Amino acid sequence: MPKTDPSAPCVSDSQDSCLAEGGELGTLVRSVDWSKTPLGPVSGWPTSLKTMVGVVLRNRFPMLLWWGPDLIQIYNDGYRPILGEKHPASLGAPAIQVWSEIWDVIGPMARSVLDGAPATWNESFLLLINRRGFPEETYHTFSYSPVPAEGGQVGGVLVTVQETTGQEQDNRQLRMLGELAARAADAKSAEQACRTATGILADNDADLPFSLFYLLSEDARELRLVSTTGLERYEGPGKPGQVPFDASASDTGGWPFAEAARTGREALVDNLSERFGAMPGGRWGIPSERAVVLPLSRPGQPHPYGFLVAGVSPRRVLDDRYLGLFRLTADQVVTAIANASAYEEERKRVEALAEIDRAKTAFFSNVSHEFRTPLTLMLGPTEDALASPSQALTGGNLETVHRNALRLLKLVNSLLDFARIEAGRIQATYTPVDLAELTTGLASAFRSAIERAGLTFEVSCPPLPEPLYVDQDMWEKIVLNLLSNALKFTFEGAIHVSQRWLGEGVELQVTDTGTGIPESELPHLFERFHRVQGARSRTHEGSGIGLALVHELVRMHGGTITATSTAGQGTTFTVRVPAGTAHLPKERVAARRSQESTALGTAPYVNEALRWLPGAPEVPSVEPSRLSAPVHPVMDIVAGARILLADDNADMREYVGRLLAERWRVETAPDGLAALEAARARPPDLVLTDVMMPGLDGFGLLRELRADERTRNVPVIVLSARAGEEAHVEGLRAGANDYLVKPFSARELVARVESQLVRARLRTVEEEHHRRLARVFQHAPVGVAVMRGPEHVIEYLNAGYLQLFSKRPVLGRSVREALPELANQGIYELLDGVFTSGEPYIGRSVRVLLNRGSAEVLEECFFDFVYQPMLDEAGQVEGIVAVAFDVTELANARRGAESANRAKDEFLAMLGHELRNPLAPILTALQLMQLRGDGELERERTLIERQVKHLVRLVDDLLDVSRVTRGKVELKREKLELSTVVAKALEQASPLIEQREHTLTVDVPRQGLRLDADPTRLAQVFSNLLTNAAKYTEPGGRISVRAMREGQEAVIRVRDNGTGIDPETLPRVFNLFVQERQALDRSQGGLGLGLAIVRSMVTLHGGSVEVYSEGRGRGSEFTVRLPLLEAEEARAVAAPVQAEPVPPARDAVPGRVLVVDDNRDAADILSETLELLGCQTQVAYDGPSALRMAETFQPEVALLDIGLPVMDGYELARLLRQRYADRGIRLIAVTGYGQASDRQQSKEAGFDAHLVKPLDLDVLESLLKRLAAS
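Structural data, given as structure tokens:
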């Protein structure tokens, strides 16, 4: 700002009236000595400036005035906050000096308005303004309006502006906080809450360049990094994975977590680069130097959940509003974590209740099974005995009844013991016992069963130094339960029982090499009713109270029991019992037993274990010849049926198998896996399976059978101990054909089996009929559907038709219901029309929008289809047969090809423009040399000009590739001798021929072969053939060109002894982009256009071209045939006389021409050339400069480049037409784009002519003369 001079005399009232009022800025403006500024004293200001200064100062809206070419700025009180520290120095200073940091953005806009462009306007525009000592993120809505000065010129720019920084940042922050609040209830854990937050924070890297979330461990001693944003590529010390935590300690070097925890407030961290290296700055691209550490805690918490470390934007001031964002973000995350914690606590409580309920349900289910199975095996044989003449149980039936009665008694005793323990009413009798002898005896009873299972059994119980006080019945149950458990879960290896003296008591260990127990199950192993789900075992039977009972019995002895296990390797149970009696109730030591003993000895345990093992009695398969006769004729269809029986209880297999074997063939399996293997190997006619089995239970077997195509339709009857309607419905829903509850009678079992076998056979016959019909449709090569009635209900469709709709469930639904997206696409109306009229409809590549995925997104598809009406017996339409074929790929391929062709055209246009631009000044300079008449270099200039023009034609050829393929290249015909064309071609190809040292033989008559042809195009044909021969002939080869007359044709042969052409390539050699495989190296390759253009050009001349080659290494010969002019038109033409060319005399072209081109070389050389033609010229290098020159120069003709900076040639042309419509300026477009669409666009923009670079001087001169004449 110019210095103020309080002692300077005030300006007069008349001069100062524009500066009256205006608040603080008005006072400041009045104190400035404006005579020392480019604006000069106020008295000398133009009226327009005084008026605008008065408007600005008196306006309360933020306004800024830039005046003069230096854009000296004057502003009002409302604008002052935008300047920050730039005020007051910015008053009266040039704009480029005040706004140097953003001048590259706003400068061109301001300058364009000052140069006469229309007013501009921007809304919430981002500007990085240095008004607080650093480039700050600010947003402004502003307009730049031209201020007219005296004489109609633009004197300055009026800027009206409203800063929207706070609004933009608030909106951005509200979106983030709103999403955090909306997602607060989604998280189900603290870690998930943090990860959800990072996903949201990552989208706002403008305010939070980076963030880290740490959670505190349960013991409050360690922080763990759970998620980050913006730090994907950062690996410095600022991102530790674990951090030791002590709120009472002082922070040393890292993030100040302890300080934040103690104060309960955010802690600020500065100089991040010194502490941790360069930390990301988000979208701003520079490192962030500050961060905020916030505790994630609620009031009253002893320790925070964790901490949020948030980076501070390097483009913002960390004020209270910005700190508020960090606090609110932390609060939202705390809310999400609190919700997740509450959810987790509630989930654990619900899980605990559910676990109790599951345990209760499992217990009753298991106990029901344990009761009903032996009851079935007792009641069944008993009923059979009562129905027999002797009414006596004998043989195997008697043994089965006795064995299952003992099993039932054992189960009842276990439940009774457990109930007494729970009620505290069990009374033990502790007597001194030789525990080594007792344990050895109990273990030895299991030896036969264990060794029969193929396992090694070792017992090591050395004598103990003293007897131990134990209840013998309880110790018996402890040892037998542990041994029974070991055998149940061990399939190979060994079982080891050991007992040793510990000094203060005895340790008993039962070790096995069985299936082991998962680590997660070990804490629950001794809970009542708990069973390890999915564990492989010899039987599924068991109540789930065995180990819980052992645990309680050991506890009653003052001892402990533990289990260690490794899944897949085995388990060890360790029982420790103290010696002496100090730990036992005195009244129960050596007391008399007051309760009846529930001990049954080892027999029930051992006998039950033996029934688990292979070799238990099985039912032999009974051949059909041994089956009894069916009881009813209808049963003939199921005679000889084969039944697969699966049950882990040997007694049940034996009893049920014996019942069914009287009528059918029976195969048994001891568990679900064995049954599944047997069913897959040889599918049975019916499967009868128990529900509770080891390995794979009945429902699991049912699922596997239904999932397998071979066994999907096999009827399955489920046997279960669970009674009641709910259990029955569950079984049927699982896919069972019938559900039979234990205990059941023999008569009921046989009746159910017969019923299911008959239904299965009838169903098989019906399904085979449908399969035969379906195969006809399914094997159709197209999609076929049958639609019934006026609503077009889809009654049937094959796989091909279903695939068209991504296998949606459309069967049985009307078309309008099944495919609602077809509404308003005409398909419903087509179907209605076919149904009403009875006339078929054929559609070809019909476009349809279909939902073919799960995202409810409509996909564009194309179909060929036929709607054929179906007639009933009365000849009325009853439905429609639809046959459809998806042609989407074909349609897309066609569109893709069209799109690629358009892209090719656009690319060629751009390429032509870029190639033509540098050629333009070269050709113009050559033409300028010709105009100057420099004779010494005329030969070289002529050669360069000829080659440049040839290059221009090649560029034209490249642009015309698409037209070549369509035969639309235009020929500029003239009458000429073939020898002149060949001479031009030789001149073009000679550098390459000489370079490769070939021998060239030319035999072309100088006269007599007269043609009507385009000399340039025809020269290109022979130049391509000669260049081709030179490239594919090894150095030192031979090339010949011969021409002769054959009838009314000129025949030209170009032959070489080069690499030749493969027979496979020969038929395709004239196709676009086809190249022969080079025998030498890749350097001789090209675009593959040359021979294609040769054929096209020759064809356009009414001729033909062919090629002959004997193969690789044998050379090639190209033969071109062209029609000759009629004989009477032929006449001798003298050979051209070589002489120094003399520049033709040219008439002067008067007139004022404005040349506008951003390529300074092209503009300057064209201007100089035009001056030699007699024109007055001026040159501008951009649009605004051209507008200013047009005002004073008043051109008659303007040559405008289209690709100008700031404003393009089209916009410049429109402005010239608007401003100087009365002058009649003739506008000529000069551009590298020469397609028809480009010429049309020039015409619409107001151009009188369209010239393609490089300019032909003759064409330009002719055009200027024509425009001057008109």
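Read left to right, the sequence shown gives residues 1 to 1270 (the UniProt record's numbering).
For each residue, glycine too, the CB sits at the ideal point set by N, CA and C.
Quick caveat, the model's predicted, so the values are computed rather than measured.
- Beta-bridge analysis with DSSP links proline 694 to no other residue.
- The beta carbons of methionine 279 and tyrosine 234 sit about 7 Å from each other, so the pair counts as a contact at 8 Å.
- The bridge partners DSSP lists for glutamine 301 come to none.
- Aspartate 434 has its alpha-carbon roughly 8 Å from the corresponding atom of glutamate 466.
- A direct Cα-Cα distance of roughly 11 Å separates alanine 187 from alanine 181.
- Nearest to tryptophan 475 by C-alpha distance, out of Gln509, Thr439, Ala453 and Arg500, is Thr439.
- With respect to the 7 Å criterion, valine 157 and tryptophan 255 are not classified as neighbours on the basis of their beta carbons.
- Spanning the alpha carbons of arginine 500 and alanine 184 requires a straight line of approximately 59 Å.
- Looking at the backbone, the Cα of valine 666 and that of leucine 644 are separated by about 6 Å.
- Membership of tryptophan 67 in any alpha helix (DSSP H) is not indicated; the residue belongs instead to the beta strand (DSSP E) covering 63-67.
- Restricting attention to Ala674, Gly640, Gly558 and Asp651, the CA atom closest to the CA of tryptophan 664 is found in Gly640.
- In this chain, the alpha helix (DSSP H) harbouring aspartate 170 covers 165-182.
- When rounded, the separation of the alpha-carbon atoms in arginine 327 and glycine 559 is 57 Å.
- In the DSSP assignment, no residue is bridged to serine 124.
- When rounded, the separation of the alpha-carbon atoms in phenylalanine 61 and proline 209 is 34 Å.
- Per the coordinates, the alpha-carbon of arginine 1121 lies some 14 Å from the alpha-carbon of alanine 1019.
- For serine 143, the closest of Arg132, Glu137 and Val159 by C-alpha to C-alpha distance is Val159.
- The stretch 782-794 makes contact with the stretch 804-814, as at least three CB pairs between them are under 8 Å.
- By the C-beta criterion, the stretch 761-777 is judged not to be in contact with the stretch 730-742, since fewer than 3 inter-stretch pairs fall below 8 Å.
- Under the 8 Å Cβ criterion, the stretch 24-33 does not count as touching the stretch 127-137, having fewer than three qualifying pairs.
- Per DSSP, the unbroken beta strand (DSSP E) holding phenylalanine 863 starts and ends at 858-871.
- The Cβ-Cβ distance between asparagine 1024 and glycine 1102 does not fall below 7 Å.
- Each residue's CA atom was taken as its position, placing valine 1098 and proline 991 some 24 Å apart.
- Just measuring C-alpha positions, the residue of Glu191, Gln1007, Thr196 and Leu128 sitting nearest valine 317 is Leu128.
- Cα atoms of arginine 996 and lysine 972: separation of roughly 33 Å, rounded to the nearest angstrom.
- Here the alpha carbon of lysine 975 sits roughly 42 Å from the alpha carbon of proline 1195.
- The C-alpha of alanine 734 lies about 47 Å from the C-alpha of threonine 228.
- Counting the other CB atoms within 10 Å of its CB gives aspartate 1201 a total of 16 or more, which places it among the buried residues.
- One thing to note: valine 881 has its Cβ within 7 Å of the Cβ of glutamine 868.
- DSSP places lysine 477 inside the alpha helix (DSSP H), whose first and last residues are 472-488.
- Listed as beta-bridge partners of aspartate 512 by DSSP are Ile495 and Thr571.
- In the same chain as valine 834, and ignoring 5 residues on each side of it, the C-beta atoms closer than 7 Å to its own belong to Pro840, Tyr841, Tyr867, Pro869 and Ile880, in chain order.
- Classified as buried, arginine 1017 has 16 or more neighbouring CB atoms from the shown chains inside 10 Å of its CB.
- Beta-bridge analysis with DSSP links glutamate 458 to His496.
- Between glycine 1113 and asparagine 1057, the C-beta gap is not smaller than 7 Å, which leaves the two residues out of contact.
- Straight-line measurement puts the Cα of arginine 1055 at about 12 Å from the Cα of threonine 1027.
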